[in-house]
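Each residue of the sequence shown is one higher than the one before, starting from 1 at the first, in UniProt numbering. Glycine included, C-beta positions come from ideal geometry on N, C-alpha and C. Written below as structure tokens is the structure these notes are about.
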Amino acid sequence: MPIPVIDFSMLNGEGRIKTMAQIANGCEEWGFFQLVNHGIPVELLERVKKVSSDCYKLEREENFFNNSTPRKRLKELVEKKNGDKLENIDWEDVFLLSDDNEWPARTPGFKETMTEYRAELKKLAEKLMEVMDENLGLPKGYIKKAFNAGEGETAFFGTKVSHYPPCPHPEMVNGLRAHTDAGGIILLFQDEEVEGLEILKDGKWIDVQPLPNSIVINTGDQLEVLSNGKYKSVWHRVQTMPDRTRRSIASFYNPSYNATIEPATELLEKEDVNQFQYPRFVFGDYMSIYTELKFLPKEPRYGYGLEAVSIAAYLEFSLEAGD
Ligand code: OGA
Ligand code: NI
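Pasting the structure below:
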């Protein structure tokens, strides 16, 4: 069962109503869908693939295989021969791009290409947020505004460049352990040949099928809260592969750390729900919890998991502080 593939160019014109409905279905029933004809020039995507691979080969691969922690930990575990699986670590090479990062210095064209790419993806994220506003019955610009925290406190747009190197014992370690994404909307440009990304759908892990030059969209925890659970942030993971390197570039549009996130009041009135399913919190507080709990069940992060009493207390505290 493949995840939905949606032709984003059909949004303008006669196909609009159908396309809006497909996106609503992707958000409500799947939490993950792929966009084709999204308007990002293929020529730019080709350059992004090239500079990312060049950068990995020139500046990162050697270190992964000679010095990295996953490599060392796997080697130690294999020598023990006790049949254990490697826990608490991912078999990946990752670095983060934002508006003010240090750029990889030795890869020609990397900075220029990725700057151009990030600007395009940010525009696409904002278009999608407007589609979601409309689908949720919220005023245009609602989500974007909710992610800002006033003057000069704008949403955060980051890009994670990941490579999942070939692994000699794929059964012993994950590429990336199962998690949901903390932020708002995530736009993933994944490898077109090497698979590995899976989502949990109705209790089963299914592949996010590689599709050349498509952009995979998923919604994070903050949209789950803002939509009061209508858009669920979905569990996903990356498997390791024995023989090939997988590239993936995830861009995420997140609230400002000072933004207060809560279910949209308009939504509650419309749906005649008289109780919040989710608390109100400051995104920065949420992130300090998420960092500890990323790979654990997500309910305690929202403060209603009874096992995590201290976390619930923490969230209550930040609720009061935010009021
Ligand atoms: C992530 C993620 C998937 C991938 O970075 O949160 O889920 O394919 N990445 O790398
Ligand atoms: Ni993720």
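Could you say which of Tyr302, Thr240, Lys230 lies nearest to glutamate 28 if we only look at CA atoms? The shortest C-alpha separation from glutamate 28 is found at Lys230.
Status (buried if at least 16 other CB within 10 Å, exposed otherwise) for methionine 1: exposed
When you compare only the Cα positions, how much space is there between proline 300 and asparagine 218? 21 Å
Can the beta-carbon of asparagine 67 be found less than 7 Å from the beta-carbon of glycine 183? no
Measuring alpha carbon to alpha carbon, tell me which residue in Ile249, Ile89, Lys298, Glu112 is nearest isoleucine 186. Ile249
Residues around the ligand NI, please: the condition is that the C-beta lies closer than 6 Å to some non-hydrogen atom of it. Near the ligand NI, meaning a beta-carbon closer than 6 Å to one of its heavy atoms, we find His179, Asp181, His236.
Can you give the Cα-Cα distance for leucine 211 and aspartate 90, rounded to whole angstroms? 24 Å
For the stretch 48-63 against the stretch 106-122, are there 3 or more C-beta pairs whose distance is under 8 Å? Contact holds: three or more Cβ-Cβ distances are below 8 Å.
Using a Cβ-based criterion (distance less than 6 Å to any ligand heavy atom), does valine 238 qualify as near the ligand OGA? At least one heavy atom of the ligand OGA is nearer than 6 Å to the Cβ of valine 238, so yes.
Which residues in the same chain have their Cβ closer than 7 Å to the Cβ of valine 309, if we skip the five residues on either side of it in sequence? For valine 309, the predicted model reports a pLDDT of 35, less than 50, meaning its position is unreliable and no value from the coordinates is stated.
For the ligand OGA, I want to know if serine 288 counts as a neighbour, meaning its beta carbon is within less than 6 Å of at least one of the ligand's heavy atoms. No; taking the cut-off as 6 Å, the Cβ of serine 288 has no heavy atom of the ligand OGA nearer than that.
Terminal residues of the alpha helix (DSSP H) in which glycine 284 lies: 283-293
Give a single yes or no on whether alanine 105 has its beta carbon closer than 6 Å to a heavy atom of the ligand OGA. no
So valine 225 and tyrosine 290 are in contact, right, with Cβ under 8 Å, and what is the actual spacing, rounded? That pair is no contact at about 12 Å.
As assigned by DSSP and simplified to three states, the class of asparagine 12: coil
Is any non-hydrogen atom of the ligand OGA found closer than 6 Å to the C-beta of glutamine 190, if you look at the structure I gave you? At least one heavy atom of the ligand OGA is nearer than 6 Å to the Cβ of glutamine 190, so yes.
How about the stretch 149-166 and the stretch 75-93: do they share at least three Cβ pairs that are nearer than 8 Å? yes
When Val208, Val173, Leu121 are compared against valine 78, the one with the closest alpha-carbon: Val173
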